[in-house]
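In terms of our numbering, the sequence shown is residues 63 to 532.
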Amino acid sequence: MTQTKAPTLAQQKKEALFFQRRNGYDRLTPEDREAMEDYCQGYKDFLDQGKTERECVDAAIALAQAAGFRPLERGAPLRPGDRVYRSNRGKALMLAVIGEEPLSQGAAIAAAHIDSPRLDLKQNPLYEEKELAYLKTHYYGGIKKYQWTTIPLALHGVVVLADGRSVTVRIGEDPGDPQFTVGDLLPHLAADQAKKTMGEIVKAEQLNLFIGSRPLGEAEESERVKLCILDLLHEKYGMIEEDFLSAELMAVPAAKAVDVGLDRSAIGAYGQDDRVCAYACLKAMLDLEEVPKTTAVCVLADKEEVGSLGVTGMQSAAFDVFMSDLCQSQGIPLKACYETSLCLSADVTAAYDPNFSDAYESRNSAYFNYGVCLSKYTGSRGKSGASDASAELVGTLRRLFAQHEVIWQLAELGKTDQGGGGTVACYMANRNIDTIDAGVPVLSMHAPFETTAKLDCYMTCKAVKALYHI
């Protein structure tokens with residue numbers, strides 16, 4: 063009979079002292095595996111319903127109301143267990159479950175954003191050239207422009223007509239719907255294009271949405287294709303060309319959320335930055351069954367991709383007003399709540415991609431299937447624009463995640479001088495709220511089709527649930 067060799071002293075010390083990273087599947091329980099698949103199916107449904115911030119808010123409110131949430135009324139008394147929400151102009155959303163402790167003891171806040179890179183239509187978008195009709199676009203957020211050519215696109219948004227009525231536009235998602243595309247130059251004629259840098263291959267003013275080619279009217283008349291398009295829009299939506307002036311219309315990828323890989327271990331979809339974290343925050347909030355000790359708050363913000371500015375961004379006073387209304391119901395100063403609160407800035411990070419390893423620092427990168435990723439700081443180069451969470455805050459979350467069996471990792475975006483990015487963390491920290499970034503590692507971030515690991519998606523929701531039970 064073979065005897066097992068006892069570990070050497072060095073091996074024992076290594077086991078005790080070394081930090082060992084382990085794939086999450088080596089630690090995942092059978093219960094979590096089943097729950098993960100159920101969670102990710104709901105997440106994919108949410109992605110398909112919400113391809114714009116307005117649609118995300120509508121879908122989130124429907125889920126919240128079904129879970130017993132009601133609109134927050136200013137001045138109304140609030141009791142432990144009350145579930146309230148407030149929509150900010152239909153493009154951002156804040157929810158809260160009132161806890162047992164007074165708000166002077168702080169709140170547990172999870173903040174994500176629901177806007178994603180896209181192609182917005184310009185104010186005067188419709189034109190005809192050489193008997194082809196196009197819509198001019200202005201890209202939103204950080205994109206590689208060439209990635210948005212030759213893919214199926216859908217048209218989403220709202221149009222406010224001259225009489226004040228608002229009509230919803232959603233074309234390209236249902237079976238049988240027409241779809242749209244931005245063209246590219248065929249390789250046979252692309253000798254000059256091939257000499258250009260990546261940023262110059264397709265210029266912003268070439269991101270024009272092909273919308274039609276059928277003429278309406280007699281041969282001698284002008285702009286017949288444009289007329290045909292306007293006639294169709296008027297018939298369906300009551301629009302005239304001037305109504306584009308009071309419209310918010312955007313082209314987004316028409317693809318549905320799908321499983322990726324033969325093993326179905328990943329999810330591919332548009333807009334996972336940052337709806338993957340937004341759904342995690344929302345689902346964790348909706349699943350709160352018992353009254354939490356600390357008031358739980360969920361923020362789904364707009365405009366993060368362009369600096370979090372504007373009335374629906376994280377820099378606006380809307381969040382402060384919401385929290386102030388909660389605090390006033392208990393006669394507590396807002397600043398007293400903020401200084402004892404804790405916030406997870408729930409935003410994605412870059413997953414290590416072996417195909418582009420030169421951009422990453424492998425010892426400090428986030429990996430697929432290693433769980434939710436904490437980032438002490440984001441920003442660029444010398445931590446520019448970062449809030450830089452404290453060691454004490456990371457220590458608190460280490461203990462919290464261990465207690466709730468959350469699989470997690472800690473990393474930063476890439477090589478120090480390679481570039482960088484930002485989140486809403488600095489705006490929460492500026493309010494005197496202890497804040498750290500936490501989110502899902504993503505492959506092909508900001509592309510029209512992004513990829514995430516199911517395990518990491520599920521663990522991000524589990525991390526937010528742990529926060530809400532702090």
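Using N, Cα and C, we set each Cβ at its ideal position, and we do this for glycine too. No experiment lies behind these values; they were computed from the predicted model shown.
Return the CA-CA distance between Ser370 and Tyr489, expressed in angstroms with no decimal places. 9 Å
Residues that Val222 bridges to, as DSSP identifies them: Ser228
Going by DSSP, what residue range makes up the alpha helix (DSSP H) through Thr522? Lys516 to Tyr530
Using 8 Å as the cut-off, can you tell me whether the stretch 496-504 makes contact with the stretch 400-419, which would need three or more C-beta pairs spanning the two stretches below that distance? yes
Check whether the stretch 169-177 touches the stretch 350-365, counting contact only when three or more Cβ pairs, one atom from each stretch, lie closer than 8 Å. yes
Determine the DSSP secondary structure at Ala328, reduced to helix, strand or coil. strand
Segment contact, 8 Å Cβ cut-off, at least three pairs: the stretch 242-257 with the stretch 300-312: no
DSSP beta-bridge partners of Trp210: Answer is none; Trp210 lacks a bridge partner.
C-alpha distance - Gly483 paired with Arg337, whole-angstrom precision: 17 Å
DSSP-derived helix/strand/coil call for Leu125: helix
Nearest CA to the CA of Tyr101: which residue from Val159, Ile329 and Tyr299? Ile329
Compute the distance between the beta-carbons of Ala331 and Val434, then report whether it is under 8 Å. no
Selection from Arg227, Tyr432, Val368 and Pro277 that minimises the alpha carbon distance to Gln82: Tyr432
Taking three-plus beta-carbon pairs below 8 Å as touching, is the stretch 270-279 in contact with the stretch 229-248? yes
Identity of the residues DSSP links to Pro315 by a beta bridge: Leu215
To the nearest angstrom, how far is the alpha carbon of Ile394 from that of Leu165? 7 Å
6 Å Cβ shell around Ala451 - same chain, five flanking residues per side excluded: Lys438 and Ile498
Measure the CB-CB distance between Val456 and Ser407 and report whether it falls below 8 Å. no
Of the residues Arg461, Ala138, Val468 and Lys206, the one placed nearest Met260, counting alpha carbons only: Lys206
Between Trp470, Val504, Thr478 and Phe511, which has its C-alpha nearest Asp88's C-alpha? Trp470
Give the list of continuous beta strand (DSSP E) stretches no shorter than 3 residues that lie fully inside the stretch 336-406. 357-363
Figure out for me which residue from Val468, Ala464, Lys445 and Arg180 has the closest Cα to the Cα of Leu475. Lys445
Helix, strand or coil for Pro249 per DSSP? helix
Report the three-state DSSP secondary structure of Asp120 (helix, strand or coil). helix
Rounded Cβ spacing between Ala316 and Gln255 (contact assumed at less than 8 Å): In fact, because the Cβ distance is near 26 Å, the residues do not count as touching under 8 Å.
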